[in-house]
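Let me begin by presenting the structure, written as structure tokens, before commenting on it.
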Amino acid sequence: MKENTILQNFYKTLEVKGYRGQIISAKHIPDLRNDIRKYHEQNLIYPELYKEYKAYFEFEPDVDFAQINSLFVIAVPVPQFKVSFHWNKKEISLLIPPTYLHGLEIINKVKELLTEILKPDGYNIAYATLPQKTLAVRSGLAEYGRNNITYVLGMGSFHRLTAFYSDFLVEQDNWQELRIMDMCKECSACVRKCPTGAIPTDRFLLRVERCLTYHNEQPGDISFPDWIDPTWHNCLVGCLHCQKVCPANKKVINWTEPGPTFSEEETKLILSGKNIDQLSEETKKKIEEHDLLDYFEVIPRNLGVWL
Ligand code: B12
Ligand code: SF4
Ligand code: SF4
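Number 206 in our numbering belongs to position 206 of the sequence shown; there are no gaps in the numbering.
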């Protein structure tokens, strides 16, 4: 059967690339929405976060083909990056956790791959904006860690998830119960390591309003709340405490790729909050090549803590 050959090709191609993926029937789209809605209705999702990410949580598929029959979810292994700044004759190196940089490149790569597999038989795909962790766990591709991050076999939490709608018809029903890793049953290292108490012991859902990541991803003109102890910061953006300490990340935690290095002069200009267009062509190019543009705006506040 044509569908079976496509499925075989899908899993084989991903394996060769070192990716992993799953497909679920589009009949579960309302279930997926409900997975978030039920927590929103119980007031367990921080209202400010809900407002900010409403489009993800209440997602409405919008595609240019006749019918959505399935959802594809793919995990691609990704590293953390080291970014260096020079300041007062010292070098300050900070990490950027996995998934922050080169996201669009990964989406495009996966899109191209799926198109090669599906297009010859007339099937289409379209990028899906929806709750990716929930989809990944529901499809059996990933499991949750107690830290609310997803884990994929062989990749730990060092992966980037992407999801696509398709008109490809999938017969097998892969929809599963939400699962936590077996490893978490005997472990609470992330709970103890999280400096802010964001990983609760009385419920599963993260206390987003306590998570450092929530605060250091906020627009650069929003100051950190007073209760955040400056010594808790550990990344240029994001936070790695709960991933670093996790035994399920043992094999990936040292996977670090080089990011840009900024001279004393460049650091001074970036810190002064200058607009990207006011920087030299060389600095601008560095920022663009390393895909730092989306986070450029938060650097003065976040880096300021370290100086
Ligand atoms: C909003 C958001 C944030 C917010 C809120 C995070 C949160 N936990 O909700 C903030 C800004 C804080 C954030 C932080 C981070 N994020 Co974020 N974020 C998102 C976004 C846009 C939506 C996430 C979401 O759906 N939240 C809503 C909540 C309700 O969903 P949930 O956490 O999955 O909750 C489910 C479980 O709690 C489960 N559940 C409830 N009870 C129980 C009980 C049991 C026993 C079980 C098993 C499950 C379970 O049900 C809930 C609903 O399904 C996604 C992108 C996307 N399109 O999905 C990225 C995304 C999830 N983030 C990502 C990353 C990398 C991070 C950080 C690790 C960044 C960093 N610091 O390095 C941190 C992790 C913080 C943490 N410990 O969770 C990656 C995930 C990669 C991964 N391996 O998990 C994503 C997918 C982006 C991407 N494409 O790469 N993020
Ligand atoms: S640190 Fe322990 S409890 Fe936390 S996610 Fe990892 S294995 Fe689970
Ligand atoms: S990302 Fe940092 S602040 Fe957020 S839950 Fe993990 S350790 Fe805590």
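The beta-carbon is built from N, C-alpha and C at its ideal position, and this holds for glycine as well.
* Could you tell me whether the Cβ atoms of Tyr19 and Val76 are closer together than 8 Å? => A contact, by the Cβ cut-off of 8 Å.
Notebook entry, point to check: Expressed to the nearest angstrom, what Euclidean distance is found between the alpha-carbon atoms of Thr13 and Lys119?
Noted result: The C-alpha of Lys119 is placed about 15 Å away from the C-alpha of Thr13.
- Task: Out of Ser166, Met155 and Ala55, state which residue places its alpha-carbon closest to the alpha-carbon of Tyr127.
- Result: Measuring from the Cα of Tyr127, the nearest candidate turns out to be Ser166.
Fill in: Extent of the continuous alpha helix (DSSP H) run through Phe72
For Phe72, no alpha helix (DSSP H) run applies; the uninterrupted beta strand (DSSP E) run containing it begins and ends at Ser70 to Pro77, by DSSP.
Checklist line | Where the alpha helix (DSSP H) containing Lys90 begins and where it ends | finding: Counting along the chain, Lys90 falls outside any alpha helix (DSSP H), though it belongs to the beta strand (DSSP E) covering Lys90 to Ile96.
Can Arg192 be considered in contact with ligand 1, in the sense that its beta carbon sits closer than 7 Å to one or more heavy atoms? No; taking the cut-off as 7 Å, the Cβ of Arg192 has no heavy atom of ligand 1 nearer than that.
How long is the line joining the alpha carbons of Ile222 and Ile45, rounded to whole angstroms?
Looking at the two C-alpha atoms, the distance is approximately 21 Å.
*Could you say which of Cys194, Glu288, Arg33 and Ile299 lies nearest to Glu273 if we only look at CA atoms?*
According to the sequence as given, residue 273 is Gly; it is not Glu. When only C-alpha atoms are compared, the closest one is Ile299.
To the nearest angstrom, report how far apart Phe51 and Phe57 are at their CA atoms. Residue identity check: residue 51 is Lys in the sequence provided, not Phe. C-alpha separation (whole angstroms): 10 Å.
- Query: Is it the case that the CB of Asn364 approaches a heavy atom of ligand 3 more closely than 7 Å?
  - Reply: With the chain covering 1 to 307 only, the question about residue 364 has no answer from this structure.
- prompt: Would the C-beta of Cys187 count as close to ligand 3, meaning under 7 Å from any of its heavy atoms?
  reply: Here the distance from the Cβ of Cys187 to the nearest heavy atom of ligand 3 is not below 7 Å.
Subject >> Whole runs of the alpha helix (DSSP H) within the stretch 130-185, excluding any shorter than 4 residues >> reply: The alpha helix (DSSP H) runs of length 4 or more contained entirely in the stretch 130-185 are, from start to end of the chain, 132-138.
Using a threshold of 7 Å, is the CB atom of Leu271 nearer than that to any non-hydrogen atom of ligand 3? Because no heavy atom of ligand 3 lies under 7 Å away, the Cβ of Leu271 does not count as near it: no.
Determine, using beta carbons only, whether Pro260 and Lys286 come nearer to each other than 8 Å. Going by beta carbons, Pro260 and Lys286 fall inside the 8 Å limit.
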